[in-house]
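Undergrad:
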Amino acid sequence: MARLPYADPEALPERVRETLEALPPLNVFRMVANAETAFRPWLALGGALLSSLELDPRLRELAILRVGRLERAEYEWVQHVPIARAVGASDEEIAAIERGDLDDGALDEQTRAVLAFTTEAVQEVRASDGALSALLDQGLSPREVVELLLVISYYMGVARIAETAGIELDAPLGDDVAASALRGRPRN
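So for the sequence shown, this note's numbering puts the first residue at 361; every next one is plus one.
1. Enumerate in chain order the residues of its own chain whose CB-to-CB distance from Pro532 is below 6 Å, with the five nearest sequence positions on each side excluded.
2. Is it buried or exposed for Thr471, if we count other Cβ within 10 angstroms and need 16 for buried?
3. Measure the Cβ-Cβ separation of Phe399 and Val388 and say whether it is below 8 Å.
4. Measuring alpha carbon to alpha carbon, tell me which of Ala371, Gly406, Pro369 ends up nearest Glu507.
5. Applying the criterion that 16 or more other CB atoms from any shown protein chain within 10 Å of the CB defines a buried residue, is Ala362 buried or exposed?
6. Check this for me: beta carbons of Leu475 and Ile454, under 8 Å apart or not?
7. Got a sec, what are the start and stop residues for the alpha helix (DSSP H) Leu462 sits in?
8. So, at 6 Å on beta carbons, what are the nonlocal neighbours of Arg418 in its own chain, with the 5 sequence-adjacent residues on each side left out?
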């Protein structure tokens, strides 16, 4: 049972209710809708992070899974494993992240650099010069590094909301989450 109540759609302002109704029926959306004025901008940022980045979607999803594991966020893990698979992550890469084995042979050097950077950003706040240099050495542009930081910070927030509010697990929707988030994304 959730530690906080989910938003009651009937009590929400019309624009927020319509946005919520356009999304898949995920508990995370129902919970965040409680923050009526922040809900639509939060969705817009999430939609941009899932659709409009230069950062490779596979690296994005592997970073999200790493955040989920580091934060012990089961909700995030359950929802993003299918998305990671849909954008090309292998079962071996996912299993390595689940075990916390960043030296696993299934992970190429660029992926290792992304996951090491993600680990430092989550655990230390300021990733080391070495972790940042490794990303650049592996071909990530400054834009992609900033996008990665936005992904990391957004999903750290999702993890905290899910875990603190006690959001109940939904059946994974996989790639449908990204498509639905785009359909329901508010237009300013």
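The beta-carbon is built from N, C-alpha and C at its ideal position, and this holds for glycine as well.
These figures come from a predicted structure and were not determined experimentally.
TA: Let me spell this out:
1. Translated into positions along the sequence shown, residue 532 becomes position 172. Counting only Cβ-Cβ distances below 6 Å, and skipping sequence neighbours, we find Val438, Gln439, Pro442.
2. Here residue 471 corresponds to residue number 111 of the sequence shown, with the count starting at 1. Buried, since its Cβ has 16 or more Cβ neighbours within 10 Å.
3. To locate residue 399, count along the sequence shown from 1; it is residue 39. To locate residue 388, count along the sequence shown from 1; it is residue 28. It is not a contact, given that the beta carbons lie outside the stated cut-off.
4. Here residue 507 is taken as the residue at index 147 of the sequence shown, counted from 1. When only C-alpha atoms are compared, the closest one is Gly406.
5. What you label residue 362 is simply residue 2 of the sequence shown in a count that begins at 1. Ala362 should be labelled exposed.
6. Position 115 of the sequence shown, counting from 1, holds the residue named residue 475. Position 94 of the sequence shown, counting from 1, holds the residue named residue 454. Taking 8 Å as the Cβ cut-off, Leu475 and Ile454 do not qualify as a contacting pair.
7. Numbered from its first residue, the sequence shown carries residue 462 at position 102. Unbroken run through Leu462: none, as it is neither H nor E.
8. Here the question's residue 418 lines up with position 58 in the sequence shown. Correct list, in chain order: Val447, Gly448, Ala449.
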